[in-house]
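Heads up, the thing below is written out as structure tokens.
In my numbering, the protein residues as written are 12 to 124.
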């Protein structure tokens with residue numbers, strides 16, 4: 012459901028207060044909840060938080076964040092993430108490229124796709 016992202020973020024806050032260590036799977040779940048809730052900005056904040064918490068983003072993390080941008084027509088952000096993935100040597104897969112292509116399509120940026 013769209014509104015469940017708030018509950019996911021609240022649970023994450025409880026985890027942090029309880030000193031429960033977050034990992035890649037934790038952040039992937041949170042970013043996915045934000046994607047489903049059309050909360051692209053929160054998804055990107057969580058992605059940034061991973062670096063602060065010294066948690067390594069993987070293909071799933073980045074693909075989900077790109078998809079969150081795509082769903083809200085933020086094609087520029089999606090392409091920026093794709094470039095960051097390449098710079099950080101995070102593997103891109105079919106899901107990653109499909110999300111980026113879809114973002115370009117929704118932004119009427121055919122030549123970039």
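Don't be surprised by glycine CBs; every beta carbon is placed ideally from N, CA and C.
Residue i - DSSP class collapsed to helix/strand/coil
i, result
"residue 120", "coil"
"residue 101", "coil"
"residue 14", "coil"
Close Cβ partners of residue i (< 6 Å) along its chain, the five nearest in sequence each way excluded
i, result
"residue 30", "none"
"residue 104", "70"
"residue 77", "89, 92, 110, 111"
"residue 75", "42, 43, 46"
Residue-level contact to chain B via CB, residue i, 7 Å cutoff
i, result
"residue 42", "Among the protein chains of the structure shown there is no chain B, as only one such chain exists."
Neighbourhood of residue i by C-beta distance below 7 Å, restricted to the same chain and skipping five residues each side
i, result
"residue 83", "49, 51"
Cutoff 8 Å; reference residue i; Cβ partners in own chain excluding five residues on either side
i, result
"residue 23", "33, 37, 41"
Which runs of the alpha helix (DSSP H) at least 4 residues long sit entirely within the segment 30-86? Give them in chain order. 35-47, 51-63, 70-82
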